[in-house]
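Worksheet: one structure, shown below.
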Ligand SMILES: Nc1ncnc2c1ncn2[C@@H]1O[C@H](COP(=O)(O)OP(=O)(O)O)[C@@H](O)[C@H]1O
Ligand SMILES: [Mg+2]
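Structure (structure tokens):
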């Protein structure tokens with residue numbers, strides 16, 4: 362992760378329309394010019410109404426989808442465009458049930474041509490950090506929900522990319538496990554200082570973990586609000602009830618609700 366510190370990302374004016382099902386219907390504009398930047402080592406959360414295009418933006422960052430217009434610049438400040446070097450944990454991230462946990466966590470490396478023994482060595486080193494020691498040879502079905510999620514994260518992190526893209530990483534967890542995972546993620550992030558972009562629908566989670574929270578509008582999405590979270594680190598659970606925390610939460614909730622109302626109004630249009 363050493364070269365992570367020099368890289369930044371600049372997303373500028375992304376637009377995208379998708380074809381709609383049904384003959385003769387016009388394409389649906391999903392992104393209406395999304396622009397933001399993220400600095401090396403920064404933790405940025407992205408929130409927005411359901412269906413507004415959050416995952417689409419991440420797919421573009423990961424190079425899986427191309428914008429109709431706009432650009433993504435990734436790299437140092439000399440203006441030289443580089444290919445994005447992202448490790449992506451998509452919204453529905455599955456572990457293969459027939460592979461051991463270790464062999465699941467090396468998949469990303471293997472896809473990029475790292476020989477299996479080397480991939481396994483690198484993944485094994487992270488098992489203690491991810492609270493998975495002793496489960497290398499277990500099957501995913503033998504793990505708790507939180508452990509499966511940590512294994513999926515390990516698979517993402519072990520690729521040592523400059524940017525981690527996490528799409529609702531804790532969405533499927535119960536609230537207690539979720540709280541534990543948030544505090545764990547903060548710990549490992551403080552240790553490694555990856556640049557993280559995380560989609561979440563949980564405003565409290567966004568405030569608790571982030572340096573900045575970006576709110577996307579209803580479709581076609583633009584950046585509606587970009588809020589800095591200046592709470593001290595490490596964040597403690599007790600901070601959730603402080604006036605500063607509550608005020609940020611309220612501000613974000615107000616914007617999000619407004620956009621969610623717009624999104625509801627445009628359903629089936
Ligand atoms: N490949 C695609 N083809 C057609 N429509 C798509 C495609 N990907 C996303 N969409 C549509 O774009 C909109 C935004 O999707 P998405 O980015 O997944 O939203 P979010 O992650 O914010 O919930 C939705 O209406 C979705 O149906
Ligand atoms: Mg999504």
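Residue numbers (the numbering used here): 362 to 630. We put the beta carbon where it would ideally sit given N, CA and C, even for glycine. All values reported here derive from a predicted model rather than from experimental measurement.
query	result
Within the continuous alpha helix (DSSP H) that includes residue 427, where are the two ends?	Here residue 427 belongs to no alpha helix (DSSP H), and DSSP marks it neither H nor E.
Here's the rule: buried if 16 or more other CB atoms are within 10 angstroms of the residue's CB, otherwise exposed. What is residue 472?	exposed
In whole angstroms, what is the alpha-carbon distance linking residue 457 and residue 406?	28 Å
Within the same chain, show all residues whose beta-carbon is closer than 6 Å to that of residue 410, passing over the 5 residues directly before and after it, in chain order.	579, 620, 621, 624
Quick check: is any heavy atom of ligand 1 less than 7 Å from the C-beta of residue 394?	no
Between residue 416 and ligand 2, is there a pair consisting of the residue's CB and a ligand heavy atom that are separated by less than 7 Å?	yes
Can you tell me the Cα-Cα spacing of residue 461 and residue 497, whole angstroms?	7 Å
Note down the Cα distance separating residue 509 from residue 607, rounded to an integer number of angstroms.	31 Å
Tell me whether residue 378 counts as near ligand 1, meaning its Cβ is closer than 7 Å to at least one heavy atom of that ligand.	no
Can you check whether the CB of residue 613 is closer than 8 Å to the CB of residue 408?	yes
Pick helix, strand or coil for residue 621, following the three-state DSSP scheme.	helix
Please return the same chain residues whose Cβ sits closer than 8 Å to the Cβ of residue 492, not counting the five positions on each side in sequence.	508, 511, 545
Rounded to the nearest angstrom, what separates residue 717 and residue 526 at their Cα positions?	The chain is shown only over 362 to 630; residue 717 falls outside these bounds and no answer can be derived.
Check whether the Cβ of residue 409 lies closer than 7 Å to any heavy atom of ligand 1, and answer yes or no.	yes
Judging by CA-CA distance, which residue of 395, 403, 430 is the nearest neighbour of residue 416?	395
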